[in-house]
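Peer 1:
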Amino acid sequence: MANGEREKQLIEQALSGSSDAFSELVRPCHSKAYAVAFRYMRNEQDASDALQEAYIKLFTRLHTFAHQSRFETWLIRIVINCCYDALRKQKKDRTVGGEAAEALVEQAGIEDTRSDEAPEAAALQSERQRMLKRAMACMAKDHRDVLILREYEQFSYEEIARILLISPGTVKSRIHRAKQALRDILMEQNPEFFV
Amino acid sequence: MDRDHSNNQIETASELEQIDRVMRSLSAPAAPELTDRYVEHIWASAHQRKRASQRKRFGAAAAVLIIAFSSMLSNEALFVQKSLEKSLEKSLDITDISDSVYCLESLPNPFVRALQNPDFYNDIMAADRGYGYNLIEQIAEDDGSYTFVVYFYPNDEPSALECAPTGDDCGSSEPLSQYVRSFTWIESE
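Residue numbers (the numbering used here), protein chains in the order written: chain S, 1 to 195; chain U, 196 to 384.
In structure tokens form, the structure reads like this:
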């Protein structure tokens, strides 16, 4: 990640019209930003679209960046907001065939199953991953945010606090409550998740 | 009781651990490559959106200006009247004429010139009931003098204001002549 001074330079150059500077600025955070988008959107195409939208918004607001937080933190916040905008739009656009489409989305995503696992165990793992994703989709926004950032993307409590504009203490307690809530949802939807 | 509680805690911890394990097993796919073409596309879209946003802001500002200008035009008549009153006030060196003269812009020149005469002006002011007046007729006499027939409004009711200039009877029980007076004025060299 570019240091603060280099970051400032790149922002100034990007604002002056250098697309190379913009590219250099976002490159170090690109993978993480895409991963976060994927957790929210649950399929690659929607994640790519949301990330692209985030980059466009980032550029149009680049002049407002106050250097009070890390650039990556700011970008992730924009990505999350773009994902919620896209999800709201999807909900609005949902038509009669929407349920089938949603089922396809449910199936999408990369599910890790170790090649050395027995086929039965792999199938079971894959099924549990699907249950977990479905349960995550039913969670309250606040809970989902902290779980995605902490459990999937391993951001620190301080980083999550800066991204979500809450205190680190709130992050800790929210993660704890989010896990309890996720457990309750799984118990209700798919008690077979727990072996 | 304590044992039940303890068992429940162990059970919950085990369930949370299972959730953690499954969560960690879910990895995100590789991000699409940040190619020059990809960045150029974002760059172009962002510029396009900035321009659209500027056009939108410019459009909104223009709309505000148009509304303000229309509003100004609708008040223009009032503005012209006020300006006329001010210029007349200045030329007559009097201060409260605007309160008593309602139809100033229609006053013919001889009457305006007559008002510049302090005696004539005082006569008019003395006849004024406090609601203003209107010149109904102006007769140029052979000897160079003018006869001005002036209607003095009895009140500020719209009906009184509307019927007065034509001298029509507005259904008032009082005779219209009660509010009409004639003044003779000769322009001194």
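Heads up, the beta-carbon is just placed ideally off N, CA and C, and yes, glycines get one too.
1. What are the residues that DSSP puts in a beta bridge with V345 (chain U)?
2. Could you tell me whether any Cβ in chain U is nearer than 9 Å to the Cβ of S31 (chain S)?
3. Would Q213 (chain U) count as contacting chain S if we go by Cβ distances under 9 Å?
4. Could you check what DSSP says for A247 (chain U) in three-state terms: helix, strand or coil?
5. Could you tell me the alpha carbon to alpha carbon distance between L10 (chain S) and T60 (chain S), rounded to whole angstroms?
6. In whole angstroms, what separates the C-alpha of Y374 (chain U) from that of D323 (chain U)?
7. Would you say I205 (chain U) reaches chain S, if we count a Cβ-Cβ gap shorter than 9 Å as a contact?
8. What residues of chain U sit near T60 (chain S), judged by a beta carbon separation below 8 Å?
9. Taking A208 (chain U) as the query, report the chain S residues whose CB atoms sit under 8 Å from its CB, ordered along the chain.
10. If you compare alpha carbons, which of U:W238, U:F347 and U:T379 is closest to S386 (chain U)?
11. Measure from the alpha carbon of A226 (chain U) to the alpha carbon of each residue in S:A47, S:R42, S:S23 and S:F22, then state which is nearest.
12. Please determine, among S:P191, S:T64 and S:I163, the residue with the shortest C-alpha to C-alpha distance to D142 (chain S).
13. Go to G169 (chain S), then tell me how far its alpha helix (DSSP H) extends in each direction, as first and last residue.
14. Return the Cβ separation of L182 (chain S) and L147 (chain S) in integer angstroms, given the expectation that the two are a contact with Cβ distance under 8 Å.
15. Do the segment 224 to 244 of chain U and the segment 16 to 24 of chain S make contact, defined as three or more Cβ pairs closer than 8 Å?
16. Got a sec: is the Cβ-Cβ distance from R6 (chain S) to anything in chain U below 9 Å?
17. Can you check DSSP and say which residues form a bridge with A335 (chain U)?
18. For chain U, find out if any of its Cβ atoms is closer than 9 Å to the Cβ of L15 (chain S); answer yes or no.
19. Under 8 Å by Cβ, that's how I've got F71 (chain S) and L25 (chain S) pegged, so tell me the actual separation to the nearest angstrom.
Peer 2: Walking through what the data contain:
1. Working through the second sequence from its first residue, we reach residue 345 (chain U) at position 150. Answer by DSSP bridge pairing, in chain order: U:L330 and U:R376.
2. In the first sequence, counting from the first residue as 1, residue 31 (chain S) sits at position 31. True, the Cβ-Cβ gap to chain U drops below 9 Å.
3. Your numbering for residue 213 (chain U) matches position 18 in the second sequence. By this cut-off, Q213 (chain U) is an interface position.
4. Walking along the second sequence from the start, residue 247 (chain U) turns up at place 52. Residue state, collapsed to three classes: helix.
5. Indexing the first sequence from 1 puts residue 10 (chain S) at position 10. Indexing the first sequence from 1 puts residue 60 (chain S) at position 60. Between the C-alpha atoms of L10 (chain S) and T60 (chain S) there is a straight-line separation of about 15 Å.
6. Here residue 374 (chain U) corresponds to residue number 179 of the second sequence, with the count starting at 1. Here residue 323 (chain U) corresponds to residue number 128 of the second sequence, with the count starting at 1. Each residue's Cα considered, the two are about 9 Å apart.
7. Working through the second sequence from its first residue, we reach residue 205 (chain U) at position 10. No, I205 (chain U) lies away from the interface with chain S (no Cβ there is under 9 Å from its Cβ).
8. As a position in the first sequence, residue 60 (chain S) is number 60, starting the count at 1. Simply A241, R244, K245 and S248.
9. Here residue 208 (chain U) is taken as the residue at index 13 of the second sequence, counted from 1. Per Cβ cutoff of 8 Å: no residues; A208 (chain U) is ~10 Å from chain S at best.
10. Nothing can be reported for residue 386 (chain U), as the shown portion of chain U is limited to 196 through 384.
11. Counted from its first residue, the second sequence places residue 226 (chain U) at position 31. A226 (chain U) has its Cα closest to that of S:A47, out of S:A47, S:R42, S:S23 and S:F22.
12. Here residue 142 (chain S) refers to the residue found at position 142 when the first sequence is read from its first residue. Out of S:P191, S:T64 and S:I163, the CA that lies nearest to the CA of D142 (chain S) is found in S:I163.
13. Working through the first sequence from its first residue, we reach residue 169 (chain S) at position 169. Note, G169 (chain S): alpha helix (DSSP H), P168 to Q189.
14. The residue labelled residue 182 (chain S) in the question sits at position 182 within the first sequence. The residue labelled residue 147 (chain S) in the question sits at position 147 within the first sequence. 7 Å between Cβ atoms; contact.
15. yes
16. To locate residue 6 (chain S), count along the first sequence from 1; it is residue 6. By this cut-off, R6 (chain S) is not an interface position.
17. The count along the second sequence starts at 1 and reaches residue 335 (chain U) at position 140. According to DSSP, residue pairing for A335 (chain U) in a beta bridge involves U:Y341.
18. As a first step, residue 15 (chain S) must be located in the first sequence, where it is residue number 15. So, not an interface residue.
19. Numbered from 1 along the first sequence, position 71 holds the residue referred to as residue 71 (chain S). Numbered from 1 along the first sequence, position 25 holds the residue referred to as residue 25 (chain S). Yes, F71 (chain S) and L25 (chain S) are in contact; Cβ-Cβ is about 7 Å, under 8 Å.
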